[in-house]
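Numbering (our numbering) for the sequence shown: 3 to 135.
Built from N, CA and C at the ideal position, the CB exists for glycine as well.
It should be emphasised that the depicted structure is a prediction, and the values quoted were computed from it without experimental measurement.
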Amino acid sequence: MNKFTATITKIKSVENLNIVNFDFSGQSLSMMSLDLNEKVDVGCQVILTAKPTHIAIAKEFSGEISYSNQLDAKIIEINNGELLSSIKLNTGDATCESIITKNSSLRMNLKVGDSVTLFIKASELSIKEIIEC
């Protein structure tokens, strides 16, 4: 599971739906949540998580996309298996993993050292732990 330490910058709620915005190493992240812990508030430092299979990557990305979370990253390791590839990335103050198909890894000609854009849907990001409020 990928972990990102971030600070809550804004919470917008309508009924039980919440959009929570975060600062992660100077980059913006947002999360969609149906039920939010009552302790969660603006200024809290939290650990966010996202599954490796829920992280998409793009090389030389330009244009608009509906993914709320777009982070600059650098590839630090590639492990190609028979069907899947594990791509290790550095972004901000975190190291994370994206699991994509081997075909995608080869088609994109991914290499260690490549700069890429990492994408996480707001619905795939969650608060694992409140560090400090």
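Could you give the C-beta distance for residue i and residue j, rounded to a whole number, given that I count them as a contact under 8 Å?
i: residue 57; j: residue 106; result: Wrong, their Cβ atoms sit about 12 Å apart, outside the cutoff.
i: residue 42; j: residue 132; result: 7 Å
i: residue 102; j: residue 59; result: 7 Å
i: residue 108; j: residue 71; result: No, residue 108 and residue 71 are not in contact; Cβ-Cβ is about 26 Å, not under 8 Å.
i: residue 135; j: residue 45; result: 7 Å
Between which two residues does the beta strand (DSSP E) harbouring residue i extend?
i: residue 15; result: 4-16
i: residue 120; result: 117-122
i: residue 37; result: Run containing residue 37: none; DSSP gives neither H nor E here.
i: residue 43; result: Careful: residue 43 lies outside any beta strand (DSSP E) and carries neither H nor E.
i: residue 126; result: Note, residue 126: premise wrong, no beta strand (DSSP E); not H, not E.
i: residue 112; result: No beta strand (DSSP E) contains residue 112, which DSSP labels as neither H nor E.
Is the separation between the beta-carbon of residue i and that of residue j shorter than 8 Å?
i: residue 54; j: residue 4; result: yes
i: residue 61; j: residue 87; result: no
i: residue 74; j: residue 7; result: no
i: residue 114; j: residue 67; result: no
i: residue 50; j: residue 127; result: yes
i: residue 20; j: residue 10; result: no
i: residue 80; j: residue 36; result: no
i: residue 117; j: residue 34; result: no
i: residue 24; j: residue 94; result: no
i: residue 129; j: residue 16; result: no
Confirm the yes/no value for this check: CB of residue i, any heavy atom of the ligand NAP, distance under 7 Å.
i: residue 78; result: This structure lacks the ligand NAP; in fact it carries no ligand of any kind.
What is the residue span of the alpha helix (DSSP H) that residue i lies within?
i: residue 136; result: Within the shown structure, residues of the chain are numbered from 3 to 135, placing residue 136 beyond reach of any answer.
Return no unless some Cβ of chain B is closer than 8 Å to the Cβ of residue i.
i: residue 36; result: The chain labelled as chain B is not found in the depicted structure, where only one protein chain is given.
What alpha helix (DSSP H) runs, 4 residues minimum, are completely inside the stretch 56-98? Restricted to the stretch 56-98, not a single alpha helix (DSSP H) segment is unbroken, complete and at least 4 residues in length.
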